[in-house]
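Have a look at the structure below, then the notes.
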Amino acid sequence: MRPFRNSLLDVRDLHTHFLTDAGTVRAVNGVSFQIGEGERVAIVGESGSGKSAMAMSLLRLLAYPGKVVSGEIMLDGRDLNGLTEHQLNEIRGKDIGTIFQDPMSSLDPVMRISKQMIPPIMRHLGVTHEEARAQAVNWLDRVGIPDAARRIEAYPFEMSGGMRQRVMIAMALSCRPRLIIADEPTTALDVTIQAQIVELLKELTAETGAAMVFITHDLGLVARFAHKVGVMYAGKLVEFGGVREIFARPRHPYTQSLLDTIPPVHQQERRRLVQIPGFPPDMKQAVQGCAFKERCAGAHRRCFETAPELEMREPGHSAACWLPEGLGSDRFVEQGLIPALEPSQDPAESRVVVEINNLHKHFSSRSSLPWRKPPVVRAVNGVSLRIKKGETLGIVGESGCGKSTVARLLLGLDPATSGDIFIEGMAQMVFQDPSSSFNPKMTLSNIIQEPLVVTGWGTKAERLERVRELLSQVGLDESYLYRYPSQLSGGQRQRVAIARALALKPSVVVADEPTSALDVSVRAQIINLLVDLKQKLRVSFVFISHDLLTVSYISDKIAVMYLGEVVEYGPADEVFRNPAHPYTQALIAAVPIPDPQAEASRMQKPLSGELPSPLNLPAGCSFASRCPKATDYCRTHKMVLKPFSKTRETACHYAI
């Protein structure tokens, strides 16, 4: 790796506070680090660790009640804290570019892209309108916007999420800034589009020589993208250094715990995920000693008395911990094996509890002309699946492939256009955001009792006893009975949602993105809980997610969906170890692995293009327009699921 040039950004003892009625929140509490020219530095940590507050502090974009109270932000030797707003506006865009998580909140929805790109180029580079337009079109073309000369006149809402993020990247780079700050720029994107964006950022920063601060919660992306990584906890940097060194030998227990919570890519025997106990400290209160001490398995007396400083452990690798080597090398084994479901002697225990046959769901789209027949969106197009008792079926695919529509049809929330669904017993749902399905004025006892009351189950005393039993099953005690949703953390709310789903003893529970809104530490707790419930209650799960590592860990079987169809179906381990369909291969290749060395050796390029419109399905294979193996036969002949092996099916003539 080439050496980086002189320090471009030098942050020294940065403190950022938010002055609230409840007290002063110390969001950033003495952060110091340096970034060299052309260097990509990732900042990771749980929600509330101070990552985004630090990014906004670097940009000097903190709105009231946020305020940088002390410290220096030196950009090429110039302290940004001492500049006026006018001087900062000259630096933003020209010297510092920004890419935010949600482009729709950054792009003006009623202004064409040209109106948002051209004026900054004219202002910062001092060129004419014609020259600025030519440069804007060139940047849109370089970031992969097709027909850029025409699309520059489009509105943001006329573009897909991936295309809007590409526009944001073009805008951030268009004035050739020396530093780019990207705050969760790929979080809302599918794994395939995420891979495209990350590769694009790597190529363009290498080409332009720009340095980057990359805020993320995804450690796999860090391994794929960054040169260095800083780990934040409770407003402080607790570890900082080269990405390979930190991933191979983390020196802070928090860093090691974050890495251990990630489901492994391949494992001969499934083990329980490491859970980080407890919660981060209240940032409104002064913390004595190490902020991580209450959650650390190796904490000793000194940790409770004195806060450790960020100190160099080896060249280029610093950590703030009194333990010389963190917590040791392998805590994953300590969690123990997950016992396999033992086959029952009773044939009824291996019976099929859900059977879906040739399921179709069409939606009528509004026609632009009243006399024309409205176009039809074929959201689900001939899906057939079976789920056995105690089995978990994972459904994966890009947004718009039909995963959630299948879930709604299975639960009877939408009527099917055609096809059959057979369910033995009852099906229940766990939503992505439990808060949106809870009445905030109801206690947890009433929330969990709601399905029991609606169905007339038991007496009042019996219902209360059932609630106590359910809370115990999801790891909550009786003290939660009369709390309200607002008094719970995100993980606790999801536990309550699972308890409510289990109240009527369903045979199958549909979980639609149940962990996507959770931090990695809380996600591990929920995944372990779902595995435990499956083992104990022998309930079947349909697990829908865009997180392929989690799906591969928790599922017995996998259904890969593309454009309303299942293109591969089989045992989870087989599908992930040896994917047969080109789309499955592309999905798995796009998954970032939390191993920098493994990421560096991966050869397959990201899947190009985006999901075609379900309004105009291809005549042949639905994946032909993006498939590197597609032939004329594929483009004209429809593919259907057919046996690929004794246990697997795939919809491809050229499956390997």
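Residues in the sequence shown are numbered consecutively from 5, following our numbering. All C-beta atoms in this analysis are idealised placements derived from N, C-alpha and C, irrespective of residue type, glycine included. Bear in mind the structure is a predicted one, so any value in this text is a computation, not a measurement.
- Per the coordinates, the alpha-carbon of E298 lies some 7 angstroms from the alpha-carbon of G282.
- Contact between E243 and T259 is confirmed by a C-beta separation of about 5 angstroms, below the 8 angstroms threshold.
- Across the structure, A420 and G404 are spaced so that their CA atoms are roughly 17 angstroms apart.
- Nearest C-alpha to M446 among L414, Y486, V570: Y486.
- Distance from the CA of V524 to the CA of H221, rounded to the nearest whole angstrom, comes to 8 angstroms.
- Taken in chain order, the complete alpha helix (DSSP H) segments of 4 residues or longer contained in the segment 219 to 250 are 223 to 229.
- Here G213 carries a coil assignment [DSSP, helix/strand/coil].
- Rounded to the nearest whole angstrom, the CA to CA distance from Q169 to P107 is 6 angstroms.
- Under DSSP, L18 shares a beta bridge with V35.
- The alpha-carbon separation between A230 and L262 amounts to approximately 17 angstroms.
- Minimum Cα-Cα distance from V512 among the listed residues V457, Y587, V356, T640 corresponds to V356.
- Collapsing the DSSP output to three states places H321 in a strand.
- According to the DSSP assignment, L591 belongs to no beta strand (DSSP E) but to the alpha helix (DSSP H) extending over 586 to 594.
- Per DSSP, the beta-bridge partners of M565 are V570.
- Inter-residue distance for K393 and V535 is about 14 angstroms (C-alpha atoms, whole angstroms).
- When the Cα atoms are used, I77 and F22 turn out to be separated by approximately 18 angstroms.
- Closest in alpha carbon position to P378, among P328, L645, F367, is F367.
- Between the segment 174 to 188 and the segment 209 to 225 there are three or more inter-stretch CB-CB distances shorter than 8 angstroms, so the stretches are counted as touching.
- Between A238 and P284, the CB-CB gap stays under 9 angstroms.
- DSSP assignment within the segment 120 to 199 yields the following whole beta strand (DSSP E) runs of 3 residues or more, N-terminal first: 183 to 187.
- Setting aside the 5 residues that flank it on each side, H364 is surrounded in the same chain by V384, N385, G386, A420, T421, S422, G423, each with a C-beta closer than 7 angstroms to its C-beta; the list follows chain order.
- For R180, the CB contacts under 7 angstroms within the same chain, skipping 5 residues up- and downstream, are T212 in chain order.
- Residue pairing from DSSP places L23 in a beta bridge opposite T28.
- By the criterion of a C-beta distance shorter than 6 angstroms, V358 is surrounded in its chain by I391, I427, V512, once the five residues flanking it on both sides are discounted.
- Not a single unbroken stretch of the beta strand (DSSP E) spanning 3 or more residues falls wholly within the segment 256 to 294.
- Per DSSP, the continuous beta strand (DSSP E) segment holding K365 begins and ends at 356 to 368.
- Taking G49 as the centre and dropping the five residues before and after it, the same chain places the C-beta of K55, V235, M236, Y237 closer than 7 angstroms to its C-beta, in chain order.
- In this structure the segment 189 to 197 does not lie against the segment 24 to 31, because fewer than three pairs of beta carbons, one per stretch, are closer than 8 angstroms.
- Contact annotation, T651 with A584: C-beta distance approximately 11 angstroms; criterion of less than 8 angstroms not satisfied.
- Remark: C-beta atoms of I502 and L537 approach each other more closely than 9 angstroms.
- If only uninterrupted beta strand (DSSP E) runs of at least 3 residues are considered, those enclosed by the segment 31 to 78 are 44 to 48.
- Nearest Cα to D636 within the set F648, P622, K646: P622.
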